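In terms of the UniProt record's numbering, the sequence shown opens at residue 1 and continues consecutively. Beta carbons are placed, not taken as given, at the ideal position from N, Cα and C, and that holds for glycine. Every value quoted in this text rests on a predicted model; they were computed, and no experiment measured them.
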Amino acid sequence: MESSITIPTTFDPKFERSAELIAYLTKGIAYRDNGNIRVAGKSELNKIIAEKYEQKDFIGANEILGAARDISAEWTPFKLAERVSKSVRLSMSAYLKVIKYASQNKLSLSDSIRKILSAPMKKQLYAITGSSAVVNERIEPLHRLLDDWSTAKKQKKVIIVSGDKDSIPLIRKIAEHGKRATVVGVEGSTLYPSIKECNRLHFDFLNYSDIHRNP
1 MESSITIPTT
11 FDPKFERSAE
21 LIAYLTKGIA
31 YRDNGNIRVA
41 GKSELNKIIA
51 EKYEQKDFIG
61 ANEILGAARD
71 ISAEWTPFKL
81 AERVSKSVRL
91 SMSAYLKVIK
101 YASQNKLSLS
111 DSIRKILSAP
121 MKKQLYAITG
131 SSAVVNERIE
141 PLHRLLDDWS
151 TAKKQKKVII
161 VSGDKDSIPL
171 IRKIAEHGKR
181 ATVVGVEGST
191 LYPSIKECNR
201 LHFDFLNYSD
211 IHRNP
């Protein structure tokens, strides 16, 4: 079995969810042991999962980078923030705290999770930067993506009333500027391309007949 590396930490990994982040930066497998983060070789992965992480309850670099990769060239800071926030795995007690925070501050759950998690994630990233165990070329992209995620502006929504395929360039332009759109139209064969584009960009489509139906 490969020996593990211990990275001393000054933060509480239970709350700052650092294990997966360090694992990514070191190209190893990270786990928590008596207040320290231990980074082990990949051969220990199954044993570590069985003993330490029967249920994953943390967010790390894989979610951030995975979200950016899934969004591909079309990603915007807001899309990245929304995708990562949706991937966060929280315990029920923590989730209830997020709901309370969102309600008190009149924020969406996505924005609340981002505000709560971004500061400690930045702290832990800076804390381990410079460690001999960290793979340097992985630091800068993660810094950049974490900055994008934590500073994403609240979305602005545009409503487009009409709707045949001629609206597709406008829909794409809205997405390029990091905004959201709701497209309203009469569902039919001439509108199918627009509906398909809305689905691809995760925009809402409302059927005019449904929202303007007589009681």
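Check: Straight-line gap, residue 173 to residue 193 (C-alpha atoms, nearest Å); Outcome: 16 angstroms
Check: Endpoints, the alpha helix (DSSP H) within which residue 194 is located; Outcome: 192-201
Check: Residue 107 in three-state terms, based on DSSP; Outcome: coil
Check: Expected contact under 8 angstroms - CB spacing of residue 182 and residue 147 to nearest Å; Outcome: The Cβ separation is near 29 angstroms, so there is no contact.
Check: Short Cβ contact (8 angstroms threshold) for residue 175 with residue 201; Outcome: yes
Check: For residue 119 and residue 107, the rounded distance between their alpha carbons; Outcome: 17 angstroms
Check: Close Cβ partners of residue 197 (< 6 angstroms) along its chain, the five nearest in sequence each way excluded; Outcome: 168, 171
Check: Residue 184: CB within 7 angstroms of a non-hydrogen atom of the ligand COA; Outcome: Absent from the structure shown: the ligand COA. Ligands present: none.
Check: Length of the line joining the Cα atoms of residue 115 and residue 104; Outcome: 13 angstroms
Check: Alpha carbon of residue 126 to alpha carbon of residue 101, nearest angstrom; Outcome: 26 angstroms
Check: Reference residue 166; option with closest CA among 195, 139, 112; Outcome: 195
Check: Alpha-carbon to alpha-carbon, residue 99 and residue 111; Outcome: 11 angstroms
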